[in-house]
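With our numbering, letter number 111 in the sequence shown gets 114, and the count goes up by one each step, no holes. Glycine included, each C-beta is placed from N, C-alpha and C at the ideal position. On a predicted model such as this, the values are computed, not experimentally measured, just so you know. What follows is one structure encoded as structure tokens, with my remarks underneath.
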Amino acid sequence: MSDTFPPGFLWGTATAAYQIEGAVRENGRTPSIWDVFSHTPGKTENGDTGDTAVDHFHRRAEDVRLMADLDVNAYRFSVSWPRVQPTGRGPAVQRGLDFYRELVDDLLDHGIEPVLTLYHWDLPQELESAGGWPARETAQRFAEYARLVGEALGDRVTRWTTLNEPWCSAFLGYASGVHAPGRTDPVAALRAAHHLNLGHGLATQALRSVLPARGQVSVSLNPSALRTLTNSPEDLDAKRRVDALSSRIFTGPMLTGAYPKDLLADTARLTDWSFVQDGDTATIRQPLDSLGINYYQPTVVSAATGEAGARHDGSDGHGASEHSPWPGADSHVAFHPAPGELTDMGWSVDPSGLYDLLMRYTREAPGLPLMITENGAAYPDKPAADGSVHDPDRIRYLHGHVSAVRRAITDGADVRGYFLWSLLDNFEWAYGYGKRFGAVHVDYETLRRTPKSSALWYARLAATGVIPEVPIG
């Protein structure tokens, strides 16, 4: 297998607005659900919030120069909805849009292609108070917001992503409650999943109505790379149930225009899905220019034993909860630790899961280009006495996963880009600042940025398109 990637391959880094921007009260920005959630006692590690984060809002130019130094040719970022449209309704705040105009101009001036995500979990709190994603109106408000951003930036941004990981928004936000807004209602989670899907479809229509012909629209999903404990029929059925809730609940309507029949049957005791109105699935099924895949680790499942399923143990990497994020599967499925080396998150290092996902969607969505829109690992990353930060574990992680991508391309997958999560150490949601995913180390006291050894390794990859060797020692 060649270690060289095709010409034109996108090598990027990725971030999310609430995790890096800070400046949560500047220029008219109002609270998002994550502002409220992180300020609620007991919801985040050490009570950490994104109030300052890593102050990207004021250090934008410095951070773009860092990207240029890494030789990346693309940057995936998200727009803060409450910075642009504070109440989730009405006209845009031009001061909020100006930040993103300036960011996009800086990127283009440095030869870096902007890849814009409209929604990375920061719903305006006012919309949550009116019902949130379980309410149909939120999908309509999202389309209006998409149109506003498309009109403002469509002349300079070609690549657009509607949603990032709607599974997390729906099921961690509304079923298990470990993410904002912290609700624990399984029916609300299923409603939220549908309205996120509908919002994606409506936003795609809105974008295509205002973008130039060259504009491209995608979505970033985090489908589970599922493994079973055994090959028993019971374990395979557990896998089917989780796959329906983690993957096919989104790819079904988005790619085929229908929810999976087994998903509807599995959840029938909870809801009759009457919130799906005539024409919804046709609206959701909009032509896509690519499909984004986020991958960190595989998920190992088996049939539950005893009277009820095992409490969800955080096997998706987002933390345990007494409330299950798997409505319709919770009493049938047990989750198990994946074998092998672990990252600082306790996630297993298994590049084969990424390969498997790429080949799966090559089969299931032939002709649809794929992007790895997030992949990365957290490690302790303590600076040495001279201030340098050496992270050989991350280099080995990246080498294995990038090699898996190259193998998938060799085997027929049409993969067009890879985005390292993340550019900077940052606010890691409910884990606060205790987990470091960045290629660039951030001293949270001084906000000093220091590229780690993995950043230098990734820079060689981005500059040449050839996978570098892993340094010895």
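query	result
Residue(s) in a DSSP beta bridge with ILE375	ILE296, TYR421
Residues of its chain near ASN49, where Cβ-Cβ distance is below 8 Å and the 5 sequence neighbours each way are ignored	GLY435, TYR436, GLY437
Spatially closest choice to GLY295 from PRO226, ASP265, VAL181, PHE8, by CA coordinates	PRO226
Through-space distance from GLY379 to LEU401, alpha-carbon basis	7 Å
8 Å contact criterion, which ALA442 and ALA458 should meet: CB distance rounded	4 Å
Residue range of the beta strand (DSSP E) that includes HIS404	Per DSSP, HIS404 belongs to no beta strand (DSSP E); it is in the alpha helix (DSSP H), 395–413.
Between the CA atoms of LEU224 and ASP6 - distance to the nearest angstrom	27 Å
Classification of GLN530 by the beta-carbon crowding that lies within 10 angstroms, buried from 16 upward	Within the shown structure, residues of the chain are numbered from 4 to 476, placing residue 530 beyond reach of any answer.
For GLN208, the three-state DSSP class (helix, strand or coil)	helix
GLU344, enclosing beta strand (DSSP E) - first and last residue	No beta strand (DSSP E) holds GLU344; DSSP gives it neither H nor E.
Where LYS46 falls, given that 16 or more other Cβ within 10 Å makes a residue buried	buried
Three-state secondary structure (DSSP) of VAL469	strand
Coarse secondary structure for GLN219, derived from DSSP in three states	strand
Local Cβ density within 10 Å of LYS264, reported as buried at 16 or more and exposed below that	exposed
Cβ neighbours of HIS61 in the same chain (closer than 8 Å, five flanking residues each side left out)	GLY25, ALA26
Outcome for GLY312 when other beta-carbon atoms lying within 10 angstroms are tallied against a minimum of 16	Residue placement at GLY312 cannot be trusted, given a pLDDT of 45 that sits under 50; the coordinates are not used to answer.
Spatial distance of HIS326 from ASP333 (CA atoms)	9 Å
Beta-carbon gap between SER83 and ALA146 smaller than 8 Å	no
Backbone secondary structure at GLU154 - three-state DSSP	helix
Candidates VAL67, LEU427, SER351: closest to PRO454 by CA position	LEU427
Where the beta strand (DSSP E) containing GLU325 begins and where it ends	That residue, GLU325, is in no beta strand (DSSP E); it is neither H nor E in DSSP.
Rounded C-alpha distance that separates ASP58 from ARG86	15 Å
Contact between the stretch 169–188 and the stretch 141–158 (3+ Cβ pairs under 8 Å)	no
Close-in-space but distant-in-sequence residues of the same chain around THR270 (CB under 7 Å, 5 per side omitted)	LEU193, PRO330, GLY331
Cβ-Cβ distance between ASP109 and ARG79 below 8 Å	no
DSSP state of ALA306 mapped onto helix, strand, coil	strand
Sub-8 Å separation of THR52 and SER35 beta-carbons	no
Distance between PHE430 and ASP38 (C-alpha atoms, nearest Å)	12 Å
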